[in-house]
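Numbered by my numbering, the letters in the sequence shown go through residues 3 to 579 in order. A virtual CB, placed ideally from N, CA and C, is assigned to each residue, including glycine. Below is one structure, written out as structure tokens; comments come after it.
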Amino acid sequence: MRGQPSPKDGRADNVALLKNTPEYRLGAWLIEAGDLTEPRLARAIQSAHRAGESLSSVLVKLGLCAEDRVAEGLAEILDIPFLRRRDFPAAMADLPDLKLEYFADNAIAPIDGEANALTLLMADPLNEELRRAVAFKTGRQIVPAVVLRGELRDWLGALKPVEVEPVEARPNEDVSDDDLERLFDLARGAPVVRWVDDLLTSAVEAKASDIHIEPERDLMRVRFRIDGVLIPVDRPLAGSAEAVVSRIKILAKLNIAERRLPQDGRIRTAVQGREIDLRIATLPSLYGETVVMRILDQSAAGLTLENLGLSFGARDRIEKAIRQPYGITLVTGPTGSGKTTTLYASMRHLMSPELKFISVEDPVEYEMSGVSQVQVKPDIGLTFAKTLRSVLRHDPNVLMIGEIRDLETASIAIEASLTGHTVLSTVHTNSAAATITRLIEMGVEDYLVATTVNAIAAQRLLRNLCRHCSEPASPPAALSARLEEIVGAGHHNDWRKPSGCAECRGTGYRGRTSVAEVMTLSEAIQASILSKATEPEIRKQAICEGMIPLFDAGVQLAARGQTSLEEVFAVIGAGRL
């Protein structure tokens with residue numbers, strides 16, 4: 003290879019570690035052929051090291067080199083064949099101990115070779131672990147051949163699976179025909195039907211987000227999640243827990259005979275004149291199947307940024323970010339913090355007949371007019387990454403990605419923003435500054451993060467105090483000085499605490515509001531990222547530029563009497579106290 007990257011760029015050590023390895027020889031071959039430059043190779047090596055992926059895969063994912071040229075290079079340095087789709091045989095080798103799903107998941111496929119050998123088609127022939135696994139399982143010699151991942155995927159998709167019977171159609175081994183008929187009879191009984199219908203009505207009336215049904219030794223526990231907190235429900239059971247679970251599984255079109263494996267389904271129904279979607283998940287447990295029903299009220303899709311409850315400063319920063327003609331706006335936070343609702347509200351804010359909107363989600367939670375919504379289905383190969391590649395060919399102006407969870411999805415989001423698209427998505431992190439670190443740890447180059455991300459909002463949902471029963475309160479004396487610093491000296495504060503009444507079911511709270519810290523990527527923050535500043539340093543710079551930290555925003559809500567300090571501490575933590 004001509005020369006080495008200089009130590010000052012921080013990548014020389016990674017390159018040195020690969021010297022005399024196949025990856026190093028692949029990079030040298032691509033540079034010699036004019037398909038790659040040394041700086042790009044050094045960046046790819048660093049990304050591969052961080053992401054724990056192969057160099058060949060990262061080169062293609064980041065768009066640093068064409069896939070066919072990488073495959074040609076692998077074939078040359080490993081002295082193995084490079085096969086194209088036209089060279090594939092009509093069928094795979096018959097290996098009853100290995101399933102088609104295993105080959106598809108690992109981007110490999112065995113075909114018959116000479117004598118006792120198997121030719122193994124591989125998108126990544128450097129993966130020796132896979133070669134050893136197939137050799138061990140089959141007892142045959144493995145001869146690798148490199149292929150293009152997309153061509154292999156299409157070929158595997160065209161093959162007829164050995165097992166065509168779906169899991170849902172296979173009866174449970176411990177369920178006889180008589181037992182199955184008994185389950186159907188129980189689930190169709192009038193008391194059970196009425197009990198389930200009443201349960202759904204009560205949950206909607208209580209504005210619950212989830213229903214939890216959990217069989218125990220001598221009883222069945224039912225709880226509603228209201229405003230993020232689980233509340234026990236005193237509802238005498240009509241019939242057995244088994245009958246109730248069977249009734250729910252029938253409504254969700256699940257297999258009631260399968261009680262050994264988790265299942266997921268969906269129910270659409272009308273409750274009190276409102277259309278409600280329920281996402282159903284079952285899970286085998288010691289005393290029967292537990293069920294969680296997520297209530298997706300379609301009216302939530304009509305929420306706007308104005309009525310989410312965000313402070314004016316946070317909302318203004320989000321609006322300015324999504325109004326940019328291109329770039330990525332991210333919403334972060336734990337599960338149940340309202341991230342998806344904020345994305346829908348952002349799309350509604352941008353809604354215009356002149357723009358094309360596409361969302362890719364898992365699953366689609368709310369139906370939204372004017373948006374082409376796509377639900378990924380990993381079990382059939384319709385992953386985020388595969389769907390997004392096709393979506394970009396449909397030329398959307400605004401693209402919503404349910405979640406960025408890996409390098410491949412992040413790379414496509416970045417590619418979309420670089421080619422003039424507005425991208426909205428979520429990442430699971432706890433703060434705005436931590437999202438920068440998370441993206442880089444995924445393998446995204448720091449300069450791409452700095453130049454494509456417009457803003458990051460870290461969000462939580464805080465319970466509102468019940469306006470019928472909240473009481474005045476005084477903050478802890480030990481915190482008074484710090485709280486006064488956050489809300490402003492001399493500011494008229496209305497600190498309050500929960501009490502409990504019939505209106506709020508004794509909880510002291512009713513409804514929730516969004517609170518967020520929003521970091522816009524200014525030139526100074528971009529420079530901090532490029533200079534490899536730490537997370538606290540980036541956060542400090544954002545605060546200097548006007549970002550109100552999440553904890554401070556929560557304290558300001560408490561000072562106005564909208565929530566309590568206890569709720570802020572419980573949901574956000576003690577912050578910088």
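Integer-rounded CB distance, given that GLU74 should sit under 8 Å from PHE84: 6 Å
Which residues does DSSP pair with GLY329 in a beta bridge? THR424
Beta-carbon separation of PRO477 and LEU467 under 8 Å? no
Of the residues PRO146, LEU66, PRO286, which one's Cα is nearest the Cα of SER248? PRO286
Assign PRO336 to one of three DSSP states: helix, strand, or coil. coil
When DSSP labels each residue in this structure, what does VAL378 get in the three-state scheme? coil
Three or more C-beta pairs closer than 8 Å, one from the stretch 402 to 411 and one from the stretch 311 to 324: is that the case here? no
Is it true that the stretch 322 to 334 meets the stretch 493 to 500, where meeting means three or more beta-carbon pairs spaced less than 8 Å apart? no
With the cut-off set at 8 Å, would you say ASN432 and LEU523 are in Cβ contact? no
How about the stretch 200 to 218 and the stretch 226 to 234: do they share at least three Cβ pairs that are nearer than 8 Å? yes
Decide if LEU332 is buried, meaning its Cβ has at least 16 other Cβ atoms within 10 Å, or exposed. buried
Please report the straight-line C-alpha distance between ALA561 and GLU40, rounded to a whole angstrom. 56 Å
So, helix, strand or coil for VAL247, using DSSP? helix
Which complete beta strand (DSSP E) runs does the stretch 253 to 301 hold, if anything under 3 residues is left out? 265 to 273, 276 to 287, 290 to 299
Do you know whose CA, among THR515, ALA93, SER58, lies nearest LEU305's CA? THR515
Buried or exposed: where does GLN265 fall if 16 or more other Cβ atoms within 10 Å of its Cβ makes it buried? buried
With DSSP as the reference, identify every bridge partner of LYS499, one or two as the case may be. GLU473
Give the secondary structure of SER361 by DSSP, where H, G and I count as helix, E and B as strand, and everything else as coil. strand
Locate the beta strand (DSSP E) running through SER516, then write down its first and last residues. 511 to 522
Do you know whose CA, among VAL573, ILE252, PHE186, ALA93, lies nearest TRP157's CA? ALA93
Per-residue burial, ARG440 [other beta carbons within 10 Å of its own, 16 or more giving buried]: buried
Using a Cβ-Cβ cut-off of 7 Å (strictly less than) and excluding sequence neighbours within five positions of LEU232, which residues of its own chain qualify? HIS214, ARG225
Is the CB-CB distance between ARG462 and ILE574 below 8 Å? yes
Mind the definition here: the stretch 377 to 384 touches the stretch 419 to 426 only if three or more C-beta pairs lie below 8 Å; say whether that holds. no
Using the three-state DSSP reduction, which class does PRO478 fall into: helix, strand or coil? coil
Kindly identify the DSSP beta-bridge partner or partners of GLU216. ARG223
Host beta strand (DSSP E) of PRO238 (start-end): From DSSP, PRO238 is part of no beta strand (DSSP E); its letter is neither H nor E.
By Cβ distance, which residues of its chain are closer than 7 Å to ASP96, with the 5 residues on each side in sequence left out? none
For the stretch 441 to 454 and the stretch 347 to 362, state whether three or more C-beta atom pairs, one from each stretch, are separated by less than 8 Å. no
Segment limits, beta strand (DSSP E) that includes ALA323: Per DSSP, ALA323 belongs to no beta strand (DSSP E); it is in the alpha helix (DSSP H), 314 to 324.
Tell me the rounded alpha-carbon separation between VAL570 and GLN564. 11 Å
Rounded distance between the beta-carbons of LEU28 and LEU57, thought under 8 Å: 7 Å
For GLU165 and LEU100, what's the separation of their Cα atoms in angstroms? Below a pLDDT of 50, predicted positions are generally treated as unreliable, and GLU165, at 38, falls in that range; the measurement from the model is reported next regardless. Cα-Cα distance, rounded: 11 Å.
With 16 other Cβ atoms within 10 Å as the buried cut-off, status of TYR26: buried
Looking at the structure shown, is ARG86 part of a helix, part of a strand, or coil, going by DSSP? coil
What do you reckon, are the CB atoms on ARG262 and ASP279 nearer than 8 Å? no
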